[in-house]
Each structure stands twice: as C-alpha cells, then as structure tokens.
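Position one of the sequence shown corresponds to residue 1 (UniProt numbering), numbered consecutively onward.
Even for Gly, the Cβ is constructed at its ideal location relative to N, Cα and C.
Report on one structure; see the data block that follows.
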Amino acid sequence: MIGADDMQSEVTVSVSTDSMSRMTSDEVLKIAMAFEQSAYQFYSALAKKLEPDLRTLVTELAEEELEHYSLLEQLSRADDLMQFRYQAIARAPTTERFGSYIRLPDLQDVKGEDDILAYAEARERTAHEHYSYLAELTPPGPLRKLFAFLRDEEAKHLESVETRWAKTYSIP
1 MIGADDMQSE VTVSVSTDSM SRMTSDEVLK IAMAFEQSAY QFYSALAKKL
51 EPDLRTLVTE LAEEELEHYS LLEQLSRADD LMQFRYQAIA RAPTTERFGS
101 YIRLPDLQDV KGEDDILAYA EARERTAHEH YSYLAELTPP GPLRKLFAFL
151 RDEEAKHLES VETRWAKTYS IP
C-alpha cells in the first residue's frame, strides 16, 4: 500500500482544455491520482493549523483521500487493466473542473468547519460527476467497471460529507 511519504510533494498534471479531445485511460488515471493526492496534501496541511475539534474531521478527510490515491495507484498497475492503459476514451465534459481541484486552495481562505465542508462537498460532487461521465463514455469492459466503482465511492464520500454538515447544523 502506498503511504503518505510515497507521494510526490508537488502535483504536476496538465489538463487539456480541448473539449473535443480524447484521452487515454492512463491519462485519466494520472489526473485522478493527482486529484486525490492534492486533496490529501490540502487536508493534511490544514489539519496542522486547526483547533482540535476541527482537526478530527480534516484528518478523516485526508485519510479517505489517501485511500483513494492508494486504490488508484494499485489499479493503475493491475494486470487486467494494463492492456487498456492506452485505450482512447472521450474526454468527459467535467475534466477541466475536475482538474482545477488539483491546484490547492489557499489555507488562509479556510475559516471554519463550514468552509471545510463546503470545499469537501464541492470536491466530492465534482469527482462523482466526473467518474459518472467516464463510466458512461467508456466502452463496456474493465475500465467502465473501474469508473463506475470510483463513481460509487465518491457518492459514498459525498453522502458522508453531507451527513456531517447536517449533523453540524442540526438539519434533519
């Protein structure tokens, strides 16, 4: 399993803005890994600056993102997917927005749990939408199954963030 120390310190992946382009599954996986890596880095750095009551939430979010990164890293090397690494697939219309989350936000902009939850919800919603498109655009086979799995994982995380937000603000 990949650990936090195994991640690169800088996230460097470029996302084409050509909406008509196609991408290889390898490119899609690299962008997804960078997305999860940047989230881990953001939440880890943020946890160090927060009061203990908020630190728990942010640490949990960081751990989830590290798990996503590790899963993607393992899947990117899986034997049954290796033959499909360079299969061209249609570029999802969410690719640019998804890629924009690779750039880390300024920690000075995060003032409290509401800001953290808003950011986490936006990230998880974008990831869910992106993987949903990829699952639709990819031909039947192991890659489609992978993207459907990731879509479902992000849906669970989105629900967790929304549940936390509801608890925080006592929304039934």
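Requested in this report: Tell me, to the nearest whole angstrom, how far the beta carbon of Leu-134 is from that of Leu-72; I am working on the premise that it is less than 8 angstroms.
Outcome: Here residue 134 is taken as the residue at index 134 of the sequence shown, counted from 1. Here residue 72 is taken as the residue at index 72 of the sequence shown, counted from 1. Going by Cβ atoms, the distance from Leu-134 to Leu-72 rounds to 13 angstroms, so no, they are not a contact pair.
Report task. Taking Ile-116 as part of the alpha helix (DSSP H), name the residues at either end of that continuous run. Result -> In the sequence shown, residue 116 corresponds to position 116, counting from 1. Segment 113-137, the alpha helix (DSSP H) holding Ile-116.
Query raised in the report: Taking the Cβ atom as the reference point for each residue, do Ser-44 and Ala-32 lie within a distance shorter than 8 angstroms?
Result: The count along the sequence shown starts at 1 and reaches residue 44 at position 44. The count along the sequence shown starts at 1 and reaches residue 32 at position 32. It is not a contact, given that the beta carbons lie outside the stated cut-off.
**Report entry** Same chain only: Cβ atoms within 8 angstroms of Ser-21, ignoring 5 sequence neighbours per side
**Finding:** Locating residue 21 in the sequence shown gives position 21, where the first residue counts as 1. Result list for Ser-21: Arg-91, in chain order.
**Report entry** Secondary structure of Ala-90, DSSP reduced to three states
**Finding:** Residue 90 sits at position 90 when you count from the first residue of the sequence shown. If DSSP states are grouped into helix, strand and coil, Ala-90 belongs with the strands.
Requested in this report: Using 10 angstroms around the beta-carbon of Gln-41, count the other beta-carbons present and answer buried if the total reaches 16, otherwise exposed.
Outcome: By one-based count along the sequence shown, residue 41 stands at place 41. Buried, because 16 or more other Cβ atoms sit within 10 Å of the Cβ of Gln-41.
Requested in this report: Kindly list the residues whose CB is nearer than 8 angstroms to the CB of Thr-24, restricted to its own chain and excluding five residues on each side of it in sequence; keep chain order.
Outcome: For the purposes of this step, residue 24 is taken as residue 24 along the sequence shown, with counting starting at 1. Counting only Cβ-Cβ distances below 8 angstroms, and skipping sequence neighbours, we find Arg-85, Tyr-86, Gln-87, Ala-88 and Ile-89.
Query raised in the report: When DSSP labels each residue in this structure, what does Arg-164 get in the three-state scheme?
Result: Locating residue 164 in the sequence shown gives position 164, counting from the first residue. Helix, per DSSP.
Query raised in the report: Can you tell me where the alpha helix (DSSP H) with Arg-97 in it begins and where it stops?
Result: Sequence index remark: in the sequence shown, residue 97 carries index 97 (1-based). 95-100 is the span of the alpha helix (DSSP H), which, as asked, contains Arg-97.
Query - Glu-27, buried or exposed, once every other Cβ within 10 Å from all chains shown has been counted against 16 - result: Sequence index remark: in the sequence shown, residue 27 carries index 27 (1-based). The residue in question, Glu-27, is buried, as its Cβ has 16 or more Cβ neighbours within 10 Å.
**Report entry** Span of the beta strand (DSSP E), counted from its first residue to its last, around Arg-22
**Finding:** As a working mapping, residue 22 is identified with position 22 in the sequence shown. Looking at the DSSP string, the run of the beta strand (DSSP E) that includes Arg-22 is 22-24.
Requested in this report: Give me the Cα-Cα distance between His-157 and Glu-124, rounded to the nearest whole angstrom.
Outcome: Mapped onto the sequence shown, residue 157 falls at position 157. Mapped onto the sequence shown, residue 124 falls at position 124. So the two alpha carbons sit approximately 7 angstroms from each other.
Requested in this report: Can you grab the Cα-Cα spacing for the pair Thr-95 / Gln-108, in whole Å?
Outcome: Locating residue 95 in the sequence shown gives position 95, where the first residue counts as 1. Locating residue 108 in the sequence shown gives position 108, where the first residue counts as 1. Going from the Cα of Thr-95 to the Cα of Gln-108 covers about 27 angstroms.
Query - Three-way DSSP call (helix, strand, coil) for Val-58 in this model - result: On the sequence shown, residue 58 is found 58 positions in, with the first residue counted as 1. Looking at Val-58 - three-state DSSP - the assignment turns out to be helix.
Query - Local conformation of Val-110 per DSSP, three classes - result: If you number the sequence shown from 1, residue 110 lands on position 110. It is coil, neither helix nor strand.
Report task. State the Cα-Cα distance for the pair Ala-39 and Trp-165, rounded to the nearest angstrom. Result -> Mapped onto the sequence shown, residue 39 falls at position 39. Mapped onto the sequence shown, residue 165 falls at position 165. Rounded to whole angstroms, Ala-39 to Trp-165 spans 19 angstroms at the Cα level.
Report task. Look up Phe-149 in the DSSP assignment and say whether it is helix, strand or coil. Result -> Stepping through the sequence shown from its first residue, residue 149 is reached at position 149. Three-state result, Phe-149: helix.
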